[in-house]
Amino acid sequence: MASDFFQGWLAGGILASTPIFYAALGETVVEKAGLINLGVEGTMLVGASVGFAVSSTTGSVAVGLCAAALLGGVFNLLLGPLVVGRGANQLASGLALMFLGQGLSAYYGKAFVGTTVDGLGPLALPVLSRVPWLGPILFRQDLLVYLTVPSAIFVWYLLGRTSWGLHLRAVGEDRMVAYAAGSNTGLLRYQALALGGVLAGIGGAHLSLAIAHTWTEGITAGRGFIAVALVIFAAWSPLRVLLGALIFGGTLALQIQLQARGAEVSPFLLDMLPYLVTLAVLVQLRKASRGRMPEGLKEVFESSA
Amino acid sequence: MLALRNRSALALDAGLLAGALLLFSLLLLTSGKNPLDTYGSLLRSTLGSAYGLSEVVVKLIPLLFTALAVALPARLGLVNVGGEGQLHLGALFAASAALSLGPGTPGWLGLPAGALAGMLGGAAWAFAPALLRSLGWLNETISTLLLNYVALRVVDFFVYGALRDPGSANVPQTKAFGPGFLWPAFTGRVHVGIALGLLALALAAVLLFLTRWGYEIRAIGGNPVAAHRHGLPLAATTIAVLCAGGALAGLAGTGEIMAIQGRLRPHFSADFGYLGFLISWLAGHRPLRILVMGFLVAVIATGGDSLQLDQGLPSATVNILMALLLFVVLAREGKRGV
Amino acid sequence: MPSASRGELLLETRGLTKVFGALRANDGVDLRIHAAEVHAVLGENGAGKSTLMKMLYGYYHPTSGEIFVGGKPVRLGSPRHGRAHGIGMVFQNFTLIPALEVWENIALFLDKRPLEREGLLERIREVSRAYRLDLDPRALVRELPFGTRQKVEIVKVLLTGARILIFDEPTSVLAPHEAEALFTIFDELRGRGYAVVFITHKLAEVLRCADRITVLRRGRVAKSLPAGEATKEGLASLLVGEAGATDPEAIPRRRAGTSLPSGLRPVLRFDRVSCTTDDGRPGLTGLDLAVHPGEVLGVAAVSGNGQEYLGDLVLGLRPVTEGRILLGGEPFDPSPVAALARGVACIPEDPLGMGAIPGLSVRENLILGAHRPYWNAGGFVPDRGRLEAAARTALTTAFVQAPPSLEALAEDLSGGNLHRVLIARELSRNPIALISYYLTRGLDLSNARAARELVLAHAARGMGLLFISEDLDELFTLCDRILVLHAGRSRGIFRPVETSPRDVGLLMTGADHARAA
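Chains as they are written, first to last, in the working numbering: chain G, 1 to 305; chain L, 1001 to 1338; chain H, 2001 to 2517.
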């Protein structure tokens, strides 16, 4: 019985962590460029609604995912003219973007409320999924789950080992120096927003296509904000973001498992855990965080007082 | 020269606003809706009838408080996104007070007790983020945002648990509050909260521009370095103002359950906290402008509710319009915005 | 320092001029830089050195005049162009990103796609070995001491293919032994045929390593000469200029023979005070100073030599690491509130940034810190009448003519007017001790005179004044005694009659001889 519980929990945790992971990975790129996007929630909603709607209409999940990624990228870019072009307050702009995402996804998703779609199903890997105990947990997941680790590695490589990534990080640290070095600071930040949006869009799509298999208004329920906190929690490292997402997903899945077994613990207390843990870790890691935070972000946070 | 600046600024404002409305109209067109129909429906359901107008006012009441909850800290340069959570805790504290004191409590005790409890709850919820910020440990934007989600669960915990009404089996809610706690209405659903809200706005304006504390708040917000060098108490002011904001949001929550709902239920807030944030930013955090912007947003939000019935559009559609308006204001202010 | 045989003419400017509005930062500058030469550009603050260098690097575009590289006229539209022509600049504020590793910082400026990490690491190690720089390319810049960071900048500039290396005030952030190491690197570079241009105001350094010296004063070339012909005194007088730079009529003289009552305890005293900078390097070391009632104690120092900490220390914004501060003979626990309560005022270096609230009116700025009395009923009811009267009085005592409107917002005032508002504010509180930074900076002649008269009037009534200034004429005319500060240490306290601007100038710039008071 206990083994069943753990299996269910771990498998569920991995699944639940995936949307948040992609959104947080995208936001990592954005924040490394010195911007903070509180509107990730909106981007995820756009991805979730578009992914579902297009899959439903065309009958192809692949097309749906591409559409979600594309429109997620475009949506995130809307922040660009505000915060890069006009230098507007990033926190307020992000929340405006969130509202927009909520509205747009509700509006265009209206026709699809209540419908279901097969979406993205689990893909059992040939030999690996038969490995005792671990097999069903790790290797009977859907494609996007499998792509999480490669995505994290890809972004890690992109940021740390390419010229583009180097210039991007320079922009996030000190725009003046980056400019002196010849970087196109505006273009780089727009590109970061686009990539961030693509990933967040995919994260949202995973939620509607692989987990819920349906669309409802506000399906993300704050996951976008958790993703933003996660990035700080992970000290802006793509690989640690994976870990953080798993912890979150684990807490989400734990609640489901416990409830299914009629456990005594209040689901609400469990539900609070991810947020409280995040807060505790953020406070605990404050010195280390400050050490790792891109300098450009510090301006946004340490506004005054 | 000044007149010219004002005229062109106004023209720019009007142009940007028109742009936002145009975009929204285009959006409606893309899914086959006639924008004129939608605007018409929006206006008719809100300003077109006495009932509509009263619903707008009812929506406005909590928004005035939650907007102030953002505006006051914003004067210090702080970003309080925790209105949603603070109003929930305010409601929770008020509900607890009402239920502990019992249904027989007279109005002269019940009303102030409820209100004070509500303010205490909201302030308490803002205290931890305030402290963390004043110590320089954690930015208040993140902490208040995360605590919003915790607050929802805290309320759920009590409503499904200790405060649950055993009489209503399938519906999670508390017992109804005694009549001594309920906020009286002027007419229909429009309750005293409107008077309190207007009073709060006036008091906020007085506080900021007439009193010594307002002076200190504006000085610290304007240049914390200079203020600190001249002995102004940064940490104490930060905590006081954030908690005051929390108290105001708490009052918003109290009003909703004491005047409209009559008991505490989960999800009683229609995004009042976030809308308040929106309003305060649209209003440049100025108390009197909050009234104007608050009314505008209340019209849009209320109109949105009936869009569902009228036009078959989800109520969240109006979020698009509100977001566009905020985009416009932010783009216009640029770096000069708080 | 014997000059090696000079190589070809690498860089030349003719009539280079840069005008910013009303300010002529550079005026007709002719400069000739040769290969295998260390060329020093010497000048005081505001002489135009930095502007000149920024034009050479492509940061600024000249208003008129020409630049020639290798004999051909060039237009340097951006730093990239400068780099493309082989001009490399090592800035005073390093263009380094502390959060990145050494090799990443260099790669950023090399702008290679793809990154070629291994190749670059090897090249850095090579150059490091060749010049004995001892650099670890994988180190995080954040963890490197300033001397090492400068080495990173040097390697960066060499790897971008520079033949002319321009150093802007290179030793301002270095300890003496690090500066010596830098000069060894200069020798090494010269030996390999590079041209080294270094900008400084420090005479000792110039005499130590330059082959050729160009002295800038007020945006113009005062003189350009080979090092062999230069003497300390000659350079000092070219640098600091003869007296008469400031209109003598504008400076009120202290009453001749003003004698201070003896036996009075100093209003402000520093007893062997030390402090550190934000990076942990020494800020002030063992500073002793005492300001007596009614005394004007001047502080003569070039920008960035420690005087910037004096105000912060008294206000408690920076901790005293050694020694103590005393007010009126009593030990004092510094904090802004305590300082205000004890009657210590400060007119800061950066009036808008440190002293004023931009969005508030002049009236509201005038009461900052001492604002409590203007509200009644526990802070609820403003006493407008009283406030108005006090504000008006403060302004009229400080302003000769045309005081700004009390309604005007601080951010809308001109720099000079804002400065005067701050002066008015601090003096209206009749402090027992005033620390003033660059009192007359940005003020025109008549207002400068008025400001000086105002502080002297307060001094005559017993206020002690710690007068920080870069203007030697002003210091010599106004002060009872002058403390010379260099690299965070006192170089002596003198009465004006016992010394001369030239000697003080030498001490300010780190020359060796001293005559103690």
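Virtual Cβ for every residue (Gly too), placed ideally from N, Cα, C.
Reduced DSSP category for residue 14 of chain G - H, G, I as helix; E, B as strand; rest coil: As a working mapping, residue 14 of chain G is identified with position 14 in the first sequence. In this structure, residue 14 of chain G counts as helix in the three-state DSSP scheme.
C-alpha gap between residue 99 of chain G and residue 2369 of chain H, whole angstroms: Position 99 of the first sequence holds residue 99 of chain G. Position 369 of the third sequence holds residue 2369 of chain H. Each residue's alpha carbon lies about 42 Å from the other.
Between residue 19 of chain G and chain L, is the shortest Cβ-Cβ distance under 9 Å, so that the two count as touching? In the first sequence, counting from the first residue as 1, residue 19 of chain G sits at position 19. Closer than 9 Å: no.
Any residues in the segment 1062-1083 of chain L with a beta carbon nearer than 8 Å to a beta carbon of chain G? Which ones, in chain order? 1076, 1077, 1078, 1079, 1081
Taking residue 2020 of chain H as part of the beta strand (DSSP E), name the residues at either end of that continuous run. The residue labelled residue 2020 of chain H in the question sits at position 20 within the third sequence. Segment 2009-2020, the beta strand (DSSP E) holding residue 2020 of chain H.
For the 8 Å Cβ check, are there 3 or more pairs between the segment 1191-1207 of chain L and the segment 1049-1061 of chain L? yes
As a quick exercise: from G:71, G:235, G:73, pick the residue whose alpha carbon is nearest that of residue 281 of chain G. Translated into the one-based positions of the first sequence, residue 281 of chain G becomes position 281. Looking at the Cα atoms, G:235 is the closest of the given residues.
Residue 151 of chain G versus residue 127 of chain G - alpha carbon distance: Here the question's residue 151 of chain G lines up with position 151 in the first sequence. Here the question's residue 127 of chain G lines up with position 127 in the first sequence. Distance between the alpha carbons of residue 151 of chain G and residue 127 of chain G: 23 Å.
So the candidates are H:2028, H:2012, H:2013; which of them puts its Cα closest to the Cα of residue 2019 of chain H? Position 19 of the third sequence, counting from 1, holds the residue named residue 2019 of chain H. Comparing Cα-Cα distances from residue 2019 of chain H to each of H:2028, H:2012, H:2013, the minimum goes to H:2028.
Comparing C-alpha positions only, which one of H:2230, H:2316, H:2238, H:2234 sits nearest to residue 2217 of chain H? In the third sequence, residue 2217 of chain H corresponds to position 217, counting from 1. Of the listed residues, the one whose Cα sits closest to residue 2217 of chain H is H:2238.
Using the three-state DSSP reduction, which class does residue 141 of chain G fall into: helix, strand or coil? Your numbering for residue 141 of chain G matches position 141 in the first sequence. The answer is strand: DSSP assigns residue 141 of chain G an E or B state.
State whether the segment 2204-2223 of chain H contacts the segment 2059-2074 of chain H, with contact taken as three or more CB pairs (one from each stretch) at a distance under 8 Å. no
Residue 156 of chain G to residue 237 of chain G, Cα distance in whole Å? Residue mapping note: residue 156 of chain G aligns to position 156 of the first sequence, counting from 1. Residue mapping note: residue 237 of chain G aligns to position 237 of the first sequence, counting from 1. Distance between the alpha carbons of residue 156 of chain G and residue 237 of chain G is about 8 Å.
Residues that residue 2270 of chain H bridges to, as DSSP identifies them: In the third sequence, counting from the first residue as 1, residue 2270 of chain H sits at position 270. Residue 2270 of chain H is bridged to H:2289, H:2325.
Whole angstroms are fine: how far does the CA of residue 162 of chain G sit from the CA of residue 86 of chain G? Along the first sequence, one-based indexing puts residue 86 of chain G at 86. Along the first sequence, one-based indexing puts residue 162 of chain G at 162. Each residue's alpha carbon lies about 29 Å from the other.
State yes or no: is the C-beta of residue 1114 of chain L nearer than 8 Å to some heavy atom of the ligand SAM? Inclusion of the ligand SAM in the displayed structure is not the case, the ligand content being empty and no account of it being possible.
Run the CB neighbour count on residue 2066 of chain H, radius 10 Å, all protein chains shown included, and call it buried at 16 or more, exposed below. Numbered from 1 along the third sequence, position 66 holds the residue referred to as residue 2066 of chain H. Under this definition residue 2066 of chain H is an exposed residue.
In its own chain, which residues sit with a C-beta less than 7 Å from the C-beta of residue 1267 of chain L, not counting the 5 before and 5 after it? Locating residue 1267 of chain L in the second sequence gives position 267, counting from the first residue. Excluding positions up to five away in sequence, the list is empty.
Closer than 8 Å at the beta carbon, the chain L residues around residue 2389 of chain H: Counting from 1 along the third sequence, the entry for residue 2389 of chain H is found at position 389. Result: empty, since nearest Cβ-Cβ is about 18 Å, beyond 8 Å.
Could you check whether residue 2157 of chain H and residue 2105 of chain H sit closer than 9 Å to each other, using their CB atoms as the reference points? Reading the third sequence from its first residue, position 105 is the one you call residue 2105 of chain H. Reading the third sequence from its first residue, position 157 is the one you call residue 2157 of chain H. No, the pair does not count as a contact, with Cβ atoms beyond the cut-off.
From the beta carbon of residue 2350 of chain H, is the nearest beta carbon of chain G less than 9 Å away? By one-based count along the third sequence, residue 2350 of chain H stands at place 350. Chain G, which has no Cβ nearer than 9 Å to the Cβ of residue 2350 of chain H, makes this no.
Contact with chain L by residue 2122 of chain H, beta-carbon distance below 9 Å: Taking the third sequence and counting its residues from 1, the one referred to as residue 2122 of chain H is at position 122. For residue 2122 of chain H, the answer is no, since every Cβ of chain L falls outside 9 Å of its Cβ.
Classify residue 2460 of chain H: buried if its beta carbon has 16 or more other beta carbons within 10 angstroms, exposed otherwise. Here residue 2460 of chain H refers to the residue found at position 460 of the third sequence. By the neighbour-count rule (16 or more Cβ atoms within 10 Å), residue 2460 of chain H is not buried but exposed.
With a 10 Å radius around its C-beta and 16 neighbouring C-beta atoms as the bar for buried, classify residue 176 of chain G as buried or exposed. On the first sequence, residue 176 of chain G is found 176 positions in, with the first residue counted as 1. Per the 10 Å Cβ criterion, exposed.
Pull up the distance between the alpha-carbon of residue 209 of chain G and that of residue 119 of chain G, whole angstroms please. Your numbering for residue 209 of chain G matches position 209 in the first sequence. Your numbering for residue 119 of chain G matches position 119 in the first sequence. Each residue's alpha carbon lies about 5 Å from the other.
Ends of the alpha helix (DSSP H) at residue 1156 of chain L? What you label residue 1156 of chain L is simply residue 156 of the second sequence in a count that begins at 1. Residue 1156 of chain L -> alpha helix (DSSP H) spans 1140-1160.
Would residue 1299 of chain L pass as an interface residue toward chain G - the criterion being a Cβ-Cβ separation below 9 Å? Here residue 1299 of chain L corresponds to residue number 299 of the second sequence, with the count starting at 1. Answer no: the Cβ-Cβ gap between residue 1299 of chain L and chain G never drops below 9 Å.
Can you list, in chain order, the residues of its chain with a C-beta nearer than 6 Å to that of residue 2186 of chain H? Leave out the 5 residues immediately preceding and following it. One-based indexing of the third sequence puts residue 2186 of chain H at position 186. These residues qualify, in order along the chain: 2038, 2196, 2209.
If you run the structure through DSSP and keep just helix, strand and coil, what is residue 2219 of chain H? Looking up residue 2219 of chain H in the third sequence gives position 219. If DSSP states are grouped into helix, strand and coil, residue 2219 of chain H belongs with coil.
Look up residue 1260 of chain L in the DSSP assignment and say whether it is helix, strand or coil. Taking the second sequence and counting its residues from 1, the one referred to as residue 1260 of chain L is at position 260. Of the three classes helix, strand and coil, the one that applies to residue 1260 of chain L here is helix, per DSSP.
Got a sec, what are the start and stop residues for the beta strand (DSSP E) residue 293 of chain G sits in? Numbered from 1 along the first sequence, position 293 holds the residue referred to as residue 293 of chain G. Where residue 293 of chain G is concerned, there is no enclosing beta strand (DSSP E), given that its DSSP letter is neither H nor E.
Test item: CB-CB of residue 229 of chain G and residue 1146 of chain L under 9 Å: One-based indexing of the first sequence puts residue 229 of chain G at position 229. One-based indexing of the second sequence puts residue 1146 of chain L at position 146. Yes, Cβ-Cβ distance for residue 229 of chain G and residue 1146 of chain L is below 9 Å.
Neighbourhood of residue 1328 of chain L by C-beta, 6 Å cutoff - its chain only, sequence neighbours within 5 removed: Taking the first residue of the second sequence as 1, we reach residue 1328 of chain L at position 328. Here the set comprises 1016, 1020.
Considering only C-alpha positions, which residue in the set H:2101, H:2480, H:2030, H:2017 is nearest to residue 2294 of chain H? Mapped onto the third sequence, residue 2294 of chain H falls at position 294. Nearest option by C-alpha distance: H:2480.
Identity of the residues DSSP links to residue 272 of chain G by a beta bridge: Position 272 of the first sequence, counted from the start, is the residue given in the question as residue 272 of chain G. None; residue 272 of chain G has no bridge partner.
Identity of the residues DSSP links to residue 2489 of chain H by a beta bridge: Position 489 of the third sequence, counted from the start, is the residue given in the question as residue 2489 of chain H. Note: residue 2489 of chain H sits in a beta bridge opposite H:2486.
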